[in-house]
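A short worksheet on the structure shown next.
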Amino acid sequence: GAVVSQHPSWVICKSGTSVKIECRSLDFQATTMFWYRQFPKQSLMLMATSNEGSKATYEQGVEKDKFLINHASLTLSTLTVTSAHPEDSSFYICSAESGTSASYEQYFGPGTRLTVT
Amino acid sequence: GQQLNQSPQSMFIQEGEDVSMNCTSSSIFNTWLWYKQEPGEGPVLLIALYKAGELTSNGRLTAQFGITRKDSFLNISASIPSDVGIYFCAGLGGSARQLTFGSGTQLTVLP
Numbered sequence: 040g041a042v043v044s045q046h047p048s049w050v051i052c053k054s055g056t057s058v059k060i061e062c063r064s065l066d067f068q069a070t071t072m073f074w075y076r077q078f079p080k081q082s083l084m085l086m087a088t089s090n091e092g093s094k095a096t097y098e099q100g101v102e103k104d105k106f107l108i109n110h111a112s113l114t115l116s117t118l119t120v121t122s123a124h125p126e127d128s129s130f131y132i133c134s135a136e137s138g139t140s141a142s143y144e145q146y147f148g149p150g151t152r153l154t155v156t
Numbered sequence: 062g063q064q065l066n067q068s069p070q071s072m073f074i075q076e077g078e079d080v081s082m083n084c085t086s087s088s089i090f091n092t093w094l095w096y097k098q099e100p101g102e103g104p105v106l107l108i109a110l111y112k113a114g115e116l117t118s119n120g121r122l123t124a125q126f127g128i129t130r131k132d133s134f135l136n137i138s139a140s141i142p143s144d145v146g147i148y149f150c151a152g153l154g155g156s157a158r159q160l161t162f163g164s165g166t167q168l169t170v171l172p
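Structure below.
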């Protein structure tokens, strides 16, 4: 199956600083990637859709100026959490689209645990 | 966003038993995907279903795409300890390429 990596796997930062998380599709090209947030014992919550070469599409309630997304190439999307606060602490997971209209699949990265102190 | 109704929320079973979980929706989906997530990891795709009525197996796992396109089930036969984790269903519908996720089923396998 297709492989998606994320870096870093975990990060601890101080309140007010910014953190960048990378999502890479390793063996396929992904025009579209997705960023999710997951709280303990809960399902995945879609934050935004990242489109290569264009602006990301954010879900309702997600601050685009706080969660900056850049999809600069067909294999890399980045999520930058700006001016992080303790309430931003969460598990952030990216995914990448693969397949055709007849066989759509979405593969997930291993996630990034962010802790803001 | 919208969530699918996934049940049961959690299951405790003995090793060797079969397991069944399902997802239902008020909306029609064109694709159903089943994922497994272990602690501290991202979801891993188990089975993908593309046609109403489709029945697909992956080892001890079997999943079906409901004929109404509003439901899907996942069966795990002869469970083993490494089956422990959270299982999510996810649906893809219409022209949107965003997945709608179920709330998850936490599976615990007792030795």
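Read top to bottom, the protein sequences are chains A and B.
Counting from 40, one number per residue, gives the positions in the first sequence under our numbering.
Counting from 62, one number per residue, gives the positions in the second sequence under our numbering.
Idealized CB from N, CA, C, for every residue including glycine.
Look at Asp104 of chain A here: in three-state DSSP terms it is coil, with no helix or strand label.
Boundaries for Tyr111 of chain B: no beta strand (DSSP E) harbours it, and the DSSP string shows neither H nor E there. If you look at Arg152 of chain A, you'll find it in the beta strand (DSSP E) that goes 151-155. Spatial neighbours of Gln75 of chain B in its own chain (CB-CB distance under 6 angstroms, excluding positions within 5 residues in sequence) are listed in chain order as Leu171. Using a CB distance cut-off of 8 angstroms, Thr92 of chain B counts as an interface residue toward chain A. With contacts defined as CB atoms closer than 8 angstroms, Gly103 of chain B and Gly150 of chain A qualify as a contacting pair.
In summary, the residues of the region 137-160 of chain B whose CB is separated from some CB of chain A by less than 9 angstroms are Ile147, Phe149, Ala151, Leu153, Arg158, Gln159, Leu160, in the order they occur in the chain.
Pairwise C-beta distances place the region 66-75 of chain A out of contact with the region 65-72 of chain B, as fewer than three of them are shorter than 8 angstroms. The C-beta of Tyr97 of chain A comes no closer than 8 angstroms to any C-beta of chain B. Between the region 42-51 of chain A and the region 99-111 of chain A, the count of C-beta pairs closer than 8 angstroms stays below three; the two stretches do not touch. Secondary structure of Asp66 of chain A (DSSP, three-state): coil. By the rule that beta-carbons nearer than 8 angstroms mark a contact, Pro104 of chain B touches chain A.
About 5 angstroms separates the Cβ atoms of Ser82 of chain A and Gly165 of chain B, confirming a contact at the 8 angstroms cut-off.
Distance from the CA of Cys62 of chain A to the CA of Phe147 of chain A, rounded to the nearest whole angstrom, comes to 9 angstroms. Along the region 93-162 of chain B, the alpha helix (DSSP H) does not occur as any fully enclosed run of 4 or more residues. Comparing alpha-carbon positions, the option among B:Ile141, B:Arg130, B:Ile89 lying closest to Leu122 of chain B turns out to be B:Ile141. For Gly127 of chain B, the closest alpha carbon among the candidates B:Asp79, B:Leu160, B:Leu135, B:Gly114 is that of B:Gly114. For the region 111-137 of chain B, the residues whose beta carbon sits under 9 angstroms from a beta carbon of chain A are, in order, Tyr111.
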